[in-house]
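Per this note's numbering, the sequence shown starts with residue 334, numbered consecutively. Heads up, the beta-carbon is just placed ideally off N, CA and C, and yes, glycines get one too. None of the values given here were measured: they were computed from a predicted structure. Structure first, then comments.
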Amino acid sequence: MSKKKKPTGKTIRIETMTDLANAATAENYERLLADLRGWLVSCVYTKVLHGPFQHAAMEWTDDGENTITGQHVTFINNPKQR
């Protein structure tokens, strides 16, 4: 892979595997993986508390901070959204 570049600060909404694949580049995939892991762990704990998702998405900002910019979920059998 090419040299690592600094984070761009760009925010991308990821709703599908295609969105995820399109968000990844040779320069940012390691930062994206780290943030995706954090989002997925959060989803697991949220699902344990509230049940399965009907829809889940994340907003990812290429900022190098390993934080979740946005988590959007709708639950099956639960009208509340988080």
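Excluding sequence positions up to five before and after S375, its CB lies within less than 8 Å of the CB of I401 and Q404, all in the same chain and listed in chain order.
In the DSSP assignment, A390 falls within the beta strand (DSSP E) that extends over F386 to T394. Restricting attention to beta strand (DSSP E) runs no shorter than 3 residues, the stretch 340 to 411 encloses them at 344 to 347, 386 to 394 and 403 to 408, ordered along the chain.
CA-to-CA, the gap between N410 and V381 works out to about 14 Å.
Using a Cβ distance threshold of 8 Å, I345 and A356 count as a contacting pair.
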